[in-house]
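Undergrad:
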Amino acid sequence: MRQRGPHPLRVLLVLVTSLMLVVITMGGAARQANAAPPALIVGILHIGSVTDGGYNQAHAEGVRYMQKMLPGIEVIEVENVPESADAERVMETMIQRGAKLIIAASFGYLDPALNVAKRHPDVKFEHPSGYKLAPNLGTYWANTQDGFYLMGMAAGKMTKTHKAGFVVALPVSFFLANVNAFHLGARSVDPQFETRVVFTGTFLDPGKEATATNALLDQGADVMAMIVDSPITVVQVAERQGAYSVGYHYVGVQKFAPKGWISGLAFNWGPLYVRFARAVMDGTWRSEAIYGNVASDYLVIAPFGPAVPASVVRQVSASKQAMINGQLRVFMGPIKDNHGNLRVAEGQVLTDQDYGKMDWLAEGVIGQPR
Amino acid sequence: MASAHARIPRHSSARAMLRATGLFGLAFVIFAAVLLAAGKDPIRAYRDILSSTLVDRYGFSEVLVKMIPLMLTALAVAIPSRIWLINIGGEGQLYMGALFATWAATYFAALPAWELLPLVAALGFLGGGLWAAISGVMRAYGWVSETISTLLLNYVAILIVSFFVFGPWKDPESANYPQTAEFVAAARLPTFFGTRVHLGLLIALVAFIVYHVVLTRTRWGLEIRAMGGNMEAARRSGIAIGRYVLVLMFIGGGLAGLAGVGEVSAIQGRLRPSLSPGYGYTGFLISWIAGGNPYGIVASALLMAVITAGGDVLQMAHRLPGSVVNILMALMLFVVLARRRVP
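Protein chains in written order, with this note's numbering: chain A, 20 to 389; chain B, 1204 to 1546.
(1) Which term fits A/Ala-329, buried or exposed, when burial requires 16 or more other beta carbons within 10 angstroms of its beta carbon?
(2) With respect to the beta strand (DSSP E) encompassing A/Lys-143, which residues constitute its N-terminal and C-terminal limits?
(3) Using a Cβ-Cβ cut-off of 8 Å (strictly less than) and excluding sequence neighbours within five positions of B/Leu-1333, which residues of its own chain qualify?
(4) Using a C-beta to C-beta distance shorter than 9 Å, which residues of chain B count as neighbours of A/Asn-113?
(5) Can you name the residues of chain A whose CB is closer than 7 Å to the CB of B/Ile-1470?
(6) For A/Gln-255, is the classification buried or exposed, using 16 other Cβ atoms within 10 angstroms of its Cβ as the cut-off for buried?
(7) Could you check the C-alpha separation between A/Leu-369 and A/Ile-320 for me, to the nearest Å?
(8) Using a 10 Å radius around the Cβ and a threshold of 16 neighbouring Cβ atoms, would you call A/Leu-361 buried or exposed?
(9) According to the Cβ coordinates, are A/Asp-165 and A/Val-349 closer than 8 Å?
(10) Ignore the nearest five residues each way along the sequence and tell me which others in B/Ile-1510's own chain have a CB closer than 7 Å to its CB.
(11) Using a Cβ-Cβ cut-off of 7 Å (strictly less than) and excluding sequence neighbours within five positions of A/Leu-152, which residues of its own chain qualify?
(12) Count the other CB atoms within 10 Å of the CB of B/Thr-1419; is the residue buried (16 or more) or exposed (fewer)?
(13) With a threshold of 8 Å, are at least 3 pairs of Cβ atoms found where one atom belongs to the region 222–229 of chain A and the other to the region 242–257 of chain A?
(14) Within a Cβ cutoff of 7 Å, which residues of the same chain sit near A/Trp-280, ignoring the five residues on either side of it in sequence?
(15) Helix, strand or coil for B/Thr-1394? Go by DSSP, reduced to three states.
(16) Considering only the beta carbon of each residue, do A/Thr-70 and B/Asp-1515 sit closer than 8 Å?
(17) With a cut-off of 8 Å on the beta carbons, I'd call B/Leu-1451 and B/Ile-1282 a contact; round off their distance for me.
(18) B/Gln-1382: buried (16+ other C-beta within 10 angstroms of its C-beta) or exposed?
(19) Expressed to the nearest angstrom, what Euclidean distance is found between the alpha-carbon atoms of A/Gln-76 and B/Pro-1321?
(20) How is A/His-181 classed by DSSP in three states: helix, strand or coil?
(21) In chain order, what are the residue ranges of uninterrupted alpha helix (DSSP H) at least 4 long that sit wholly in the region 1390–1457 of chain B?
(22) With DSSP as the reference, label A/Lys-119 as helix, strand or coil.
(23) For a contact defined as C-beta to C-beta under 8 Å, what are the partners of A/Phe-126 on chain B?
(24) My assumption, with CB atoms under 8 Å, is that A/Met-170 sits in contact with A/Ala-244. Please give the rounded CB distance.
(25) Among B/Gly-1292, B/Thr-1394, B/Ile-1337, B/Phe-1366, which has the Cα closest to the Cα of B/Glu-1265?
(26) Distance, Cα to Cα, B/Leu-1238 vs B/Gly-1293?
(27) Terminal residues of the continuous alpha helix (DSSP H) containing A/Ala-285?
(28) Would you mind sorting A/Ala-218 into buried or exposed? The rule is 16 or more other CB atoms within 10 Å of its CB.
(29) What is the residue span of the alpha helix (DSSP H) that B/Ile-1337 lies within?
(30) Does the beta carbon of A/Asn-233 sit closer than 8 Å to a beta carbon anywhere in chain B?
(31) With a threshold of 8 Å between beta-carbons, can A/Pro-101 be considered close to chain E, or not?
(32) Nearest CA to the CA of A/Ala-161: which residue from A/Asn-155, A/Pro-154, A/Arg-108, A/Ser-148?
(33) If the cut is a Cβ gap below 7 Å, which residues of chain B does A/Gly-72 touch?
(34) Please classify A/Leu-236 as buried or exposed, where buried requires at least 16 neighbouring CB atoms within 10 angstroms.
(35) Identify the contact partners of A/Ser-68 in chain B, using a Cβ-Cβ distance below 9 Å as the criterion.
(36) What distance in whole Å lies between the Cβ atoms of A/Leu-120 and A/Phe-295, which are believed to be in contact at a cut-off of 8 Å?
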């Protein structure tokens, strides 16, 4: 190795020094203070893009709604935060910038959020779909199985081939429960209904999602459903192939499938986020596990598409009302799994607690849960 | 130019660094134009990035945290590249290191920290090293190019990790989500100064020193430099090239494995499929930008860490979309690609 020119260490030194000088001179310029300090600064971090038409956009629009309802609030928003070392840094930086409420909007942010929450007892944290609480960390989600049952009913009414395709990120229990609920809903109106499941292994992979959708449609499915972060790919591919689709997460996916859209189960986080922010501002915030259902204002059935007859809409609405009244239960025995084993005995009813342990797919669902 | 082979990117460190500075300066100027086009003040943006990363105490500690896996995965590329091996497998080697480390942390959890931690680190090194050695063997026997095999083995490694976290190692307490149980305290790498800066930083710095000393002061280093200079001449002078291929791949992979150890043991405290946001690939980019030069690697790793951490600030203070920072990363690569002759 020939050494020409100055020694590398010296160059490094010069570089670092000049960088520091630049920073010091520029950093000296004081930040101009705003006219009035915000009533509350809310930080939200997203795992993906806020324009994904799905999971992340639902959270982002929830925050947008909160800002509209509570104009004194300032929002610090960061998207594409990986569930790695980065999540903690982003939360800490938000707190440095004055955030007093942090919405850690992905399951994998739980451990980082707990770490940061321990260091900042004065900051409140909200984490969706989690299973842990801390004195200053609450969790929120909803029973989605009832909603998927209703979507299944609509799908069962619309299908001509008696087959649905279901693209699912991971075979985790709550997702299996969603698939089973969808299938049971469809079977309640179409006894020969079949649901074919493909697991993509990841929450966002448009390539895999498109391949899976095409494969499922080739196998005769004419309705597509999905549990992935962005429903756009599945819905668009289905639309192009003339199939129906049922959305998830975000209420505004219909525009990607104007003809084939049936309906969707969507989170309308706005009202809940307004409650969080109000509670933090007036000091009534408590750490709790909020678990809503189809009766909650933040879990909604998206508008039905033009292809869906009014009779189907009426039937779905009636069933939703029956669920709210407690007359209709999704997992009512007897239910067999797709290997013929009896999983829910006659007269037995599964509840939310059981969904977290579900490791089987119902009779008539084609797919392997692992 | 005597032979094209003899003098590709590896020139004097200082010149390489000056050149890199010029290239990055160009990238920053182009990015400033992008910011202007988006209606943002580039000077304020750069100032905010710097003041929240290098000047702020917490920000700087997080830059160091980010640099640890980047430096190690860059070394994993740089070391084999001394004899023209192209290791694109840093990501997979990182995952295998994390997998082996998790095994050690789980099955020897009863050991005291001073026995458990070295074991976790050693197995992490072994995991990454063996994974890279697969490609090394295939290359040494002339079966498959290591460029192809290391890249493809990345996907295999991630799938193997998924198999364990979705299957036998899944934490029964985590509502069926794919992650292992939390490590015992004795298996957590120590962190310093109340920050997340962990022992991995020292390990990385030691690795740099060893790399430098071995290369310049030992017979091994001499032979490696001989091979790097002219492979054919080295072969004819009786150097066992196959053995070096294997050893350098193993060491490189081992260092990437240590990056995985740091992430599972110090940062996450458990094994999860979302272990790395592509550290292995960024490490490759860093090593390439630096031409394998140790100082260049540290400087480029610093730069990449600042850009990543600064990307948050661009979003928080300037309301730019998260993908903006990818534009800057891509610009870095473009200016370097545009400048460098491909080996």
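From the three backbone atoms N, C-alpha and C, an ideal C-beta is built for every residue, glycine too. If you're wondering where the values come from, they're calculated on a predicted model, not measured in any experiment.
TA: Taking the geometry as given:
(1) If you number the first sequence from 1, residue 329 of chain A lands on position 310. Burial check for A/Ala-329: the Cβ neighbour count within 10 Å stays below 16, so the residue is exposed.
(2) The residue labelled residue 143 of chain A in the question sits at position 124 within the first sequence. Unbroken beta strand (DSSP E) run through A/Lys-143: 143–147.
(3) Along the second sequence, read from residue 1 onward, the residue named residue 1333 of chain B stands at position 130. So the list reads Met-1299, Phe-1453, Gly-1456, once near-sequence residues are dropped.
(4) Along the first sequence, one-based indexing puts residue 113 of chain A at 94. The displayed chain sequence assigns Met, not Asn, to residue 113 of chain A. Correct list: Asp-1515, Met-1519.
(5) By one-based count along the second sequence, residue 1470 of chain B stands at place 267. Within chain A, the residues near B/Ile-1470 are Ala-104.
(6) Within the first sequence, the letter at position 236 stands for residue 255 of chain A. Counting the other Cβ atoms within 10 Å of the Cβ of A/Gln-255 gives 16 or more, which makes it buried.
(7) Taking the first sequence and counting its residues from 1, the one referred to as residue 369 of chain A is at position 350. Taking the first sequence and counting its residues from 1, the one referred to as residue 320 of chain A is at position 301. So the alpha carbons of these two residues sit roughly 23 Å apart.
(8) Position 342 of the first sequence, counting from 1, holds the residue named residue 361 of chain A. Looking at its Cβ environment, which holds fewer than 16 other Cβ atoms inside 10 Å, A/Leu-361 is exposed.
(9) Looking up residue 165 of chain A in the first sequence gives position 146. Looking up residue 349 of chain A in the first sequence gives position 330. Yes, the pair counts as a contact, with Cβ atoms nearer than the cut-off.
(10) Looking up residue 1510 of chain B in the second sequence gives position 307. Around B/Ile-1510: Val-1528, Leu-1531, Met-1532.
(11) On the first sequence, residue 152 of chain A is found 133 positions in, with the first residue counted as 1. Hits under 7 Å: Thr-158, Ser-306, Ala-308.
(12) Mapped onto the second sequence, residue 1419 of chain B falls at position 216. Per the 10 Å Cβ criterion, exposed.
(13) Segment contact: the region 222–229 of chain A against the region 242–257 of chain A, three or more CB-CB distances shorter than 8 Å; contact assigned.
(14) Counting from 1 along the first sequence, the entry for residue 280 of chain A is found at position 261. The residues are Ser-264, Gln-273, Gly-324.
(15) By 1-based counting over the second sequence, the position of residue 1394 of chain B is 191. It is a strand residue.
(16) Working through the first sequence from its first residue, we reach residue 70 of chain A at position 51. Working through the second sequence from its first residue, we reach residue 1515 of chain B at position 312. At the C-beta level, A/Thr-70 and B/Asp-1515 stay beyond 8 Å of one another.
(17) Counted from its first residue, the second sequence places residue 1451 of chain B at position 248. Counted from its first residue, the second sequence places residue 1282 of chain B at position 79. For a cut-off of 8 Å, the C-beta gap from B/Leu-1451 to B/Ile-1282 is around 6 Å, short enough to register as a contact.
(18) Here the question's residue 1382 of chain B lines up with position 179 in the second sequence. Of the residues assessed, B/Gln-1382 falls on the buried side of the cut-off, its CB having 16 or more other CB atoms within 10 angstroms.
(19) On the first sequence, position 57 is the one that residue 76 of chain A refers to. On the second sequence, position 118 is the one that residue 1321 of chain B refers to. As the crow flies, the alpha-carbon of A/Gln-76 is around 44 Å from that of B/Pro-1321.
(20) The count along the first sequence starts at 1 and reaches residue 181 of chain A at position 162. If DSSP states are grouped into helix, strand and coil, A/His-181 belongs with coil.
(21) Correct list: 1403–1420, 1422–1432, 1434–1439.
(22) Working through the first sequence from its first residue, we reach residue 119 of chain A at position 100. Reduced to three states, the DSSP call for A/Lys-119 is coil.
(23) Here the question's residue 126 of chain A lines up with position 107 in the first sequence. Going along chain B in sequence order, the residues near A/Phe-126 (Cβ under 8 Å) are Tyr-1380.
(24) Position 151 of the first sequence, counted from the first residue, corresponds to residue 170 of chain A. Position 225 of the first sequence, counted from the first residue, corresponds to residue 244 of chain A. Cβ-Cβ separation between A/Met-170 and A/Ala-244: approximately 7 Å, consistent with a contact (criterion under 8 Å).
(25) Translated into the one-based positions of the second sequence, residue 1265 of chain B becomes position 62. The shortest CA-to-CA distance from B/Glu-1265 to any of B/Gly-1292, B/Thr-1394, B/Ile-1337, B/Phe-1366 is the one to B/Thr-1394.
(26) The residue you call residue 1238 of chain B lines up with position 35 of the second sequence. The residue you call residue 1293 of chain B lines up with position 90 of the second sequence. Straight-line Cα distance between these residues: approximately 32 Å.
(27) Start at 1 with the first residue of the first sequence, and residue 285 of chain A comes out as number 266. First-last for A/Ala-285: 280–286, but that is the beta strand (DSSP E), not the alpha helix (DSSP H).
(28) To locate residue 218 of chain A, count along the first sequence from 1; it is residue 199. Sequence inspection shows Phe at residue 218 of chain A; the Ala mentioned does not correspond to that position. Counting Cβ neighbours within 10 Å, A/Phe-218 comes out buried, since at least 16 surround it.
(29) Walking along the second sequence from the start, residue 1337 of chain B turns up at place 134. For B/Ile-1337, the uninterrupted alpha helix (DSSP H) segment begins and ends at 1316–1343.
(30) Counting from 1 along the first sequence, the entry for residue 233 of chain A is found at position 214. Any Cβ of chain B closer than 8 Å to the Cβ of A/Asn-233 would place that residue at the interface, and such an atom is absent.
(31) Absent from the structure is chain E; the protein chains it does hold are A and B.
(32) Here the question's residue 161 of chain A lines up with position 142 in the first sequence. Nearest C-alpha to A/Ala-161: A/Ser-148.
(33) If you number the first sequence from 1, residue 72 of chain A lands on position 53. What A/Gly-72 touches in chain B: nothing, since even the nearest Cβ is about 15 Å away.
(34) Residue 236 of chain A sits at position 217 when you count from the first residue of the first sequence. Under this definition A/Leu-236 is a buried residue.
(35) To locate residue 68 of chain A, count along the first sequence from 1; it is residue 49. Residues of chain B passing the Cβ test: Pro-1524, Gly-1525, Ser-1526.
(36) Numbered from its first residue, the first sequence carries residue 295 of chain A at position 276. Numbered from its first residue, the first sequence carries residue 120 of chain A at position 101. Confirmed, about 6 Å.
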